[in-house]
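Residue numbers (our numbering): -6 to 149.
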């Protein structure tokens, strides 16, 4: 699985932790650069948040491809775990984009017009954090199967 395009687009086969981390680093660097540009140009405007959502949606596919191959390396079916790993963060991004459940900040000098997430959004943020830690352990830390499994031979 030496091809970067295959690494980020194929759901077939197995990859080791090193290949997974290489893909994650590529995605994170690309996301940080693009998000920094969007933030510098559009700030916290609705259009900036909408672009952030679209970028996030664009990154779901390559991240899911990486995750599916890591789960396969561990002998586990990609679904439903991938959906569980992706859903909270994606839902949080959608909520932030449209400011669902946000309320105006009150009683802070200089905070006029600022919005703060409500309690349900903060709880979802904590859930997303917990699921993210679970995904980190499951995909990035735990070792894959040494022998062939239902998803193929071990990666080279």
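In this text, a Cβ means the ideal position worked out from N, Cα and C, and glycines have one as well.
{"Item": "Same chain, Cβ closer than 6 Å to residue 144, five either side skipped, listed in chain order", "Value": "7 and 65"}
{"Item": "Check whether residue 112 and residue 89 have beta carbons under 9 Å apart", "Value": "no"}
{"Item": "Spatial distance of residue 141 from residue 82 (CA atoms)", "Value": "32 Å"}
{"Item": "Bridge-paired residues (DSSP) for residue 95", "Value": "110"}
{"Item": "Counted within 10 angstroms of its Cβ, other Cβ atoms place residue 96 as buried (16 or more) or exposed", "Value": "exposed"}
{"Item": "Element boundaries [alpha helix (DSSP H), containing residue 12]", "Value": "10 to 35"}
{"Item": "Neighbour-count burial assignment, residue 13, 16 or more Cβ in a 10 Å radius", "Value": "buried"}
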